[in-house]
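A short worksheet on the structure shown next.
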Amino acid sequence: MALIKIKNLSVILGDKQALKNVNLEVEEGSVTAIVGPSGSGKTTLLRTLNLLQLPSEGGLEVDGISVSAKKISKSTVKQFRQKSTMVFQQFNLFKNLTALENVMSPLIYNKLAKFDEARQLALSILNEFGLSEIVNQYPVTLSGGQQQRVSIARALISKPKVVLFDEPTSALDPEMVSSVLNIIAKLASQNITMIIVTHEIEFARQIADQAIFIENGEVIDQGPAKTLLSVKGNGRISDFVNSLENRHQPIL
């Protein structure tokens, strides 16, 4: 069953059409990878799914909650954000809160749990993510990989229907990337619905059920991740995938 439905979605930012007539369905429990060159509209699509960016035309539905560009109320925005949550490139942790307090914050601020229950749930998920030793540390004292894992834990604690990842490893040093990818892979194995904007093509091939390729605000193609993101074949998508595969190769 489709958990997310996007129909004829367009977004205009200033004088630029950031998204053009996007149509997409995402099945519950699946992983969708969004790939494409920088500035193609990937992040705009992700932000629109959380209504951090409002659509200019068309509509979308998440877990039965529908919104049309012609009519968006504050209550609908609130409902959408209860269904989905975002993990950002730059972590977006509260600097004045400890790792534990950051993870507790969605439950406390949204009055979803009392303090003691929120604390126990936060401790449990931090322990699951291998972060039990840093629960009382502030973000400034944590590595990038640790901060991103705390950010993911915070996103998951309120049990959203879908988790939206915006380039979750782009701000990390290479040695930190695997710790975050391992967490995402673990979530995929638990059938948590995820949409991931990423340049980690091999990772996307391994965990994603479907992939979509966006360029200039349009969905150029979509299909099974292993097929769409293949390095073999001709065409724009294969050229793009190969360019990422070869980015760390030495220049002779």
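Numbering (the UniProt record's numbering), first residue to last: 1 to 252. Positions of the beta carbon are idealized from the N, C-alpha and C atoms, including for glycine.
By a C-beta neighbour count over all protein chains shown, 10 Å radius and 16 as the cutoff for buried, is residue i buried or exposed?
i, result
"T85", "buried"
"M1", "exposed"
"F115", "exposed"
"D101", "Note that residue 101 corresponds to Glu in the displayed sequence, not to Asp. Buried, because 16 or more other Cβ atoms sit within 10 Å of the Cβ of E101."
"L121", "buried"
"N50", "buried"
"E200", "buried"
"residue 258", "It is not possible to answer for residue 258, since the shown part of the chain is limited to 1 through 252."
"P139", "buried"
"L13", "exposed"
"T198", "buried"
"L181", "buried"
"G145", "buried"
Grab the span of the beta strand (DSSP E) containing residue i for me, first residue to last.
i, result
"I196", "193-197"
"Q210", "210-215"
Could you pull the start and end residues of the alpha helix (DSSP H) that residue i belongs to?
i, result
"K83", "74-83"
"S151", "144-156"
"V241", "236-245"
"T98", "Looking at the DSSP string, T98 is not in any alpha helix (DSSP H), and its letter there is neither H nor E."
Checking 7 angstroms against the spacing of the C-beta atoms, do residue i and residue j come in under that value?
i, j, result
"L46", "D166", "yes"
"L193", "G29", "In the sequence under discussion, the amino acid at residue 193 is Thr, which differs from the Leu named in the question. A contact, by the Cβ cut-off of 7 angstroms."
"E25", "K5", "yes"
"L93", "S158", "no"
"L126", "A153", "yes"
"L19", "G41", "yes"
"V87", "S151", "yes"
So the candidates are the options; which of them puts its Cα closest to the Cα of residue i?
i, options, result
"T44", "V22, L93, V31", "V22"
"S132", "R149, G144, V140", "R149"
"E128", "S75, I183, L97", "I183"
"A225", "S178, I212, S38", "I212"
"I214", "I207, F203, L229", "L229"
"S124", "M104, V67, S143", "M104"
Any beta carbon from chain B within less than 7 angstroms of residue i's own beta carbon?
i, result
"S170", "Checking the listed chains, one finds no chain B in this structure; it contains a single protein chain."
Quiz item: Hey, which unbroken runs of the alpha helix (DSSP H) at 4 residues or more fall wholly within the region 8-87?
Solution: 42-49, 74-83
Quiz item: In chain order, which beta strand (DSSP E) runs of at least 3 residues are fully inside the region 162-206?
Solution: 162-166, 193-197
Quiz item: Counting only runs that start and end within the region 103-148, where is the alpha helix (DSSP H) found for 4 or more residues in a row?
Solution: 115-128
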